[in-house]
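Using the numbering used here, the letters of the sequence shown map in sequence onto residues 4 to 404.
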Amino acid sequence: MDIAVNTSHSKYHVNDKGYYGRFGGAYIPEMLYPNVEELKEQYLQIISEPAFQAEFDQLLTDYVGRPSPLFFAKRLSEKYKAKIYLKREDLNHTGAHKVNNTIGQILLAQRLGKKKIIAETGAGQHGVATATVCALMGLECVVYMGSIDIERQAPNVARMKMLGATVVPATSGSKTLKDATNEAIRHWINHPVDTHYIIGSVVGPHPYPDMVARFQSVVSEEMRKQLLEKTGNANPDYVIACVGGGSNAAGAFFHYLDEEAVKLVAVEAAGKGVNSGFSAATSQLGKMGIIHASKTLLMQTEDGQIVEPHSISAGLDYPGVGPLHAHLYETGRAQFLNATDDEALAAAYELSLLEGIIPALESAHALAKLKDLPLKPEDVVVVCLSGRGDKDLETYIKHLK
């Protein structure tokens with residue numbers, strides 16, 4: 004996989020100062036400066052090494068089960084009158100795209116000599132993926148998770164514990180993903196020497212947004228090859244992905260960012276409605292701010308206090324968005340739409356009934372916007388199916404008619 008591809012020529016990728024346009028940077032406490040500097044100075048060199056790439060590729064193939072299939076959804080295509088393909092990240096080991104990044108970061112942590120791993124998680128998929136690679140490599144693992152998310156994602160909490168991770172509840176604020184990330188950063192500040200923080204999305208201080216996007220770029224790299232084989236053209240008309248922090252979207256968009264003919268569609272969580280006060284549609288509601296050591300779009304009050312987000316999906320329940328996506332929104336390179344809780348539920352039931360695939364609630368947000376796009380019969384559309392719905396069955400059962 005070409006994770007060390009040179010992106011310096013691109014206006015949409017990160018620049019050498021760690022910014023995407025006006026967004027990005029590393030706004031970090033002094034205690035973390037050595038860690039972040041070490042990462043910034045070494046990550047590109049390490050992931051460029053042939054031995055690193057060989058081990059990364061081998062684990063993605065033999066352990067994760069890549070390449071993930073690109074599935075032509077025949078009945079969904081008939082309904083929406085376009086050629087709709089699903090990039091089946093739900094079929095990866097651990098059930099989501101998250102493992103692509105944790106494999107890359109655990110290999111990086113080993114090469115940096117780190118012995119302990121910390122992570123944050125919302126829906127639990129990143130926590131499971133981190134606990135999985137720590138078990139694989141024999142490293143100590145601590146996962147921070149909002150106490151509300153611990154309740155609504157009990158199966159993933161059990162998986163993490165079975166894999167040997169310590170799951171620590173975050174009980175401050177909204178007790179969800181934002182607060183879990185706060186706790187993880189506090190832990191890192193207190194243990195800067197021997198600990199690596201595996202951030203699960205394209206958020207946080209530079210180089211994390213770029214690093215995570217590179218590890219996730221295997222998604223669009225495979226899509227190009229698979230589309231060429233299936234349609235004769237490596238470029239689709241649309242790529243659609245859900246966005247919370249935005250790692251699955253970053254991976255799905257990565258190799259298409261400079262292909263202006265490919266329409267990129269990012270779908271955020273509107274919760275109970277964009278203007279209901281219970282939403283996570285950051286591009287619509289946010290303004291420039293700093294969250295988790297990065298300058299980006301952030302839902303905040305007039306005096307800069309973070310507005311608590313809401314989504315039925317724990318993985319989209321985040322008041323900010325990765326700086327790459329803030330830049331894609333501001334430049335108009337990607338179209339940002341949003342789906343309500345009810346729309347996501349309806350899309351999840353629809354995919355289940357039409358294609359026999361139960362998606363994660365996060366992925367269902369992306370599927371929900373097929374009805375709102377001006378699709379033509381000849382259009383090739385790829386939806387990144389970022390995760391499977393096992394973890395959300397309790398929620399789905401509550402809403403079954």
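Ideal placement from N, C-alpha and C gives every residue a C-beta, glycine not left out.
All figures in this text were calculated on a predicted structure; none of them were measured in a lab.
Query - Own chain, CB closer than 6 Å to E143, minus 5 neighbours either side, in chain order - result: In the sequence shown, residue 143 corresponds to position 140, counting from 1. K119, listed in sequence order.
Report task. May I have the straight-line CA-CA distance separating L139 from A283, to the nearest angstrom? Result -> Within the sequence shown, residue 139 is the residue found at index 136, counting from 1. Within the sequence shown, residue 283 is the residue found at index 280, counting from 1. Annotation: L139 to A283 spans about 34 Å, alpha carbon to alpha carbon.
Query raised in the report: Where does the unbroken alpha helix (DSSP H) through P326 begin, and where does it stop?
Result: One-based indexing of the sequence shown puts residue 326 at position 323. Counting along the chain, P326 sits inside the alpha helix (DSSP H) bounded by residues P326 to T334.
Report task. Take K117 and list the residues in its own chain whose beta-carbon comes closer than 7 Å to its own, dropping the five residues that flank it on each side. Result -> Within the sequence shown, the letter at position 114 stands for residue 117. So the qualifying residues of the chain are D197, T198 and H199.
Query raised in the report: Apart from the five residues on each side of it in sequence, which residues of its chain come closer than 8 Å, Cβ to Cβ, to T234?
Result: Working through the sequence shown from its first residue, we reach residue 234 at position 231. Cβ neighbours of T234 beyond the five flanking positions: K86 and V383.
Query raised in the report: Tell me the DSSP bridge mates of Y147?
Result: Numbered from its first residue, the sequence shown carries residue 147 at position 144. Looking at the DSSP assignment, Y147 forms a beta bridge with E123 and V171.
Query raised in the report: Can you tell me the Cα-Cα spacing of I400 and Y321, whole angstroms?
Result: Position 397 of the sequence shown, counting from 1, holds the residue named residue 400. Position 318 of the sequence shown, counting from 1, holds the residue named residue 321. The straight-line gap from Cα to Cα measures roughly 24 Å.
Query raised in the report: Which residue or residues does DSSP assign as beta-bridge partners of M291?
Result: Taking the first residue of the sequence shown as 1, we reach residue 291 at position 288. The partner list for M291 (beta bridge, DSSP) reads L300.
Query raised in the report: In chain order, which continuous runs of the beta strand (DSSP E) of length 3 or greater are located wholly inside the region 307 to 395?
Result: The DSSP assignment places 337 to 343 and 383 to 388 as complete runs of the beta strand (DSSP E) inside the region 307 to 395, in order along the chain (cut-off: 3 residues).
Query raised in the report: Sorted by chain position, which residues of the same chain lie with C-beta nearer than 7 Å to Q156's C-beta, five sequence neighbours on each side aside?
Result: Here residue 156 refers to the residue found at position 153 when the sequence shown is read from its first residue. Result list for Q156: A126, G127, A317 and K394, in chain order.
Report task. Determine the extent of the alpha helix (DSSP H) in which V131 is found, giving its start and end residues. Result -> In the sequence shown, residue 131 corresponds to position 128, counting from 1. For V131, the enclosing alpha helix (DSSP H) has its first and last residue at Q128 to M140.
Query raised in the report: Y399 bridges to which residues according to DSSP?
Result: Your numbering for residue 399 matches position 396 in the sequence shown. For Y399, which the question treats as bridged, DSSP gives no partner whatsoever.
Query raised in the report: Would Q48 be called buried (16 or more neighbouring beta carbons within 10 Å of its own) or exposed?
Result: Residue numbering aside, residue 48 sits at position 45 when the sequence shown is read from its first letter. Q48 should be labelled exposed.
Query raised in the report: Buried or exposed: which applies to F103, given that a residue is buried once 16 or more other Cβ atoms fall within 10 Å of its Cβ?
Result: For the purposes of this step, residue 103 is taken as the residue at position 100 of the sequence shown. Strictly speaking, residue 103 in this sequence is Asn, with Phe absent from that position. Burial state of N103 is buried, judged by a 10 Å Cβ sphere holding 16 or more other Cβ atoms.
Query raised in the report: Candidates L396, T398 and L373: which alpha carbon is nearest C387's?
Result: Indexing the sequence shown from 1 puts residue 387 at position 384. Residue L373 is the option with its Cα nearest to C387.
Requested in this report: Take E365 as the anchor and find which of R217, E358 and L396 has the nearest alpha-carbon.
Outcome: The residue labelled residue 365 in the question sits at position 362 within the sequence shown. Among R217, E358 and L396, the Cα nearest to that of E365 belongs to L396.
Query raised in the report: What distance in whole Å lies between the Cβ atoms of V222 and A269, which are believed to be in contact at a cut-off of 8 Å?
Result: As a position in the sequence shown, residue 269 is number 266, starting the count at 1. As a position in the sequence shown, residue 222 is number 219, starting the count at 1. Between V222 and A269 the Cβ distance is about 14 Å, and since that is not below 8 Å, they are no contact.
Query raised in the report: In terms of residues, what are the limits of the beta strand (DSSP E) holding L42?
Result: Mapped onto the sequence shown, residue 42 falls at position 39. In the DSSP assignment, L42 falls outside any beta strand (DSSP E) and lies within the alpha helix (DSSP H) extending over Y36 to S51.
Query - Per-residue DSSP class, three states only, for F281 - result: In the sequence shown, counting from the first residue as 1, residue 281 sits at position 278. In this structure, DSSP gives F281 a state outside helix and strand, which the three-state scheme calls coil.
Query raised in the report: With distances taken between CB atoms, is the gap from P2 to N18 smaller than 7 Å?
Result: Outside the displayed range of the chain (4 to 404) lies residue 2, so it cannot be described from this structure.
**Report entry** H199, enclosing beta strand (DSSP E) - first and last residue
**Finding:** In the sequence shown, the residue the question calls residue 199 occupies position 196. Here the beta strand (DSSP E) through H199 covers T198 to Y200.
Query - Terminal residues of the alpha helix (DSSP H) in which V270 lies - result: Counted from its first residue, the sequence shown places residue 270 at position 267. Per DSSP, V270 belongs to no alpha helix (DSSP H); it is in the beta strand (DSSP E), K266 to G274.
Requested in this report: Counting only runs of 4+ residues fully inside the region 166 to 247, write out the alpha helix (DSSP H) ranges in chain order.
Outcome: Within the region 166 to 247, the complete alpha helix (DSSP H) runs of at least 4 residues are 180 to 193, 211 to 219 and 221 to 234.
Query raised in the report: By Cβ distance, which residues of its chain are closer than 7 Å to L378, with the 5 residues on each side in sequence left out?
Result: The sequence position of residue 378 within the sequence shown is 375, counting from 1. So the qualifying residues of the chain are Y83, K84, A85 and V384.
Query raised in the report: According to the neighbour-count rule (16 or more other Cβ atoms, all chains shown, within 10 Å of its Cβ), is E40 buried or exposed?
Result: Within the sequence shown, residue 40 is the residue found at index 37, counting from 1. Result: exposed.
Query raised in the report: Smallest Cα separation from P208: which of I188, V170, R78 and V310?
Result: Locating residue 208 in the sequence shown gives position 205, where the first residue counts as 1. Taking only the C-alpha atoms, the option nearest P208 is I188.
Requested in this report: Classify R162 as helix, strand or coil using the three-state DSSP reduction.
Outcome: As a position in the sequence shown, residue 162 is number 159, starting the count at 1. Shown here, R162 sits in a helix according to DSSP, grouped into three states.
Requested in this report: Pick helix, strand or coil for P83, following the three-state DSSP scheme.
Outcome: Locating residue 83 in the sequence shown gives position 80, counting from the first residue. Correcting the residue identity first, residue 83 is Tyr in this sequence and not Pro. In this structure, Y83 counts as helix in the three-state DSSP scheme.
Query raised in the report: Taking C-beta to C-beta, are A272 and H368 nearer than 7 Å?
Result: Mapped onto the sequence shown, residue 272 falls at position 269. Mapped onto the sequence shown, residue 368 falls at position 365. Yes, these two residues count as a Cβ contact at 7 Å.
**Report entry** Rounded C-alpha distance that separates V8 from S220
**Finding:** Residue numbering aside, residue 8 sits at position 5 when the sequence shown is read from its first letter. Residue numbering aside, residue 220 sits at position 217 when the sequence shown is read from its first letter. The alpha-carbon of V8 is positioned some 10 Å away from that of S220.
Query raised in the report: Do the region 226 to 241 and the region 292 to 309 make contact, defined as three or more Cβ pairs closer than 8 Å?
Result: No, they do not touch.
Query raised in the report: Are the region 326 to 344 and the region 352 to 362 touching, with three or more C-beta to C-beta distances below 8 Å?
Result: Contact between the region 326 to 344 and the region 352 to 362 is absent, because fewer than three Cβ pairs lie under 8 Å.
Query raised in the report: For the alpha helix (DSSP H) that L73 lies in, which residues bound it at each end?
Result: Reading the sequence shown from its first residue, position 70 is the one you call residue 73. Here L73 belongs to no alpha helix (DSSP H); instead the beta strand (DSSP E) covers L73 to F75.
Query - Collapsed DSSP secondary structure at A112 in the structure displayed - result: If you number the sequence shown from 1, residue 112 lands on position 109. Correct three-state label for A112: helix.
Query raised in the report: Is it true that the CB of A132 sits closer than 7 Å to the CB of T105?
Result: Counted from its first residue, the sequence shown places residue 105 at position 102. Counted from its first residue, the sequence shown places residue 132 at position 129. Yes. Within cutoff.
Query raised in the report: With DSSP run on the structure shown, which of helix, strand or coil describes Y88?
Result: Indexing the sequence shown from 1 puts residue 88 at position 85. Correct three-state label for Y88: strand.
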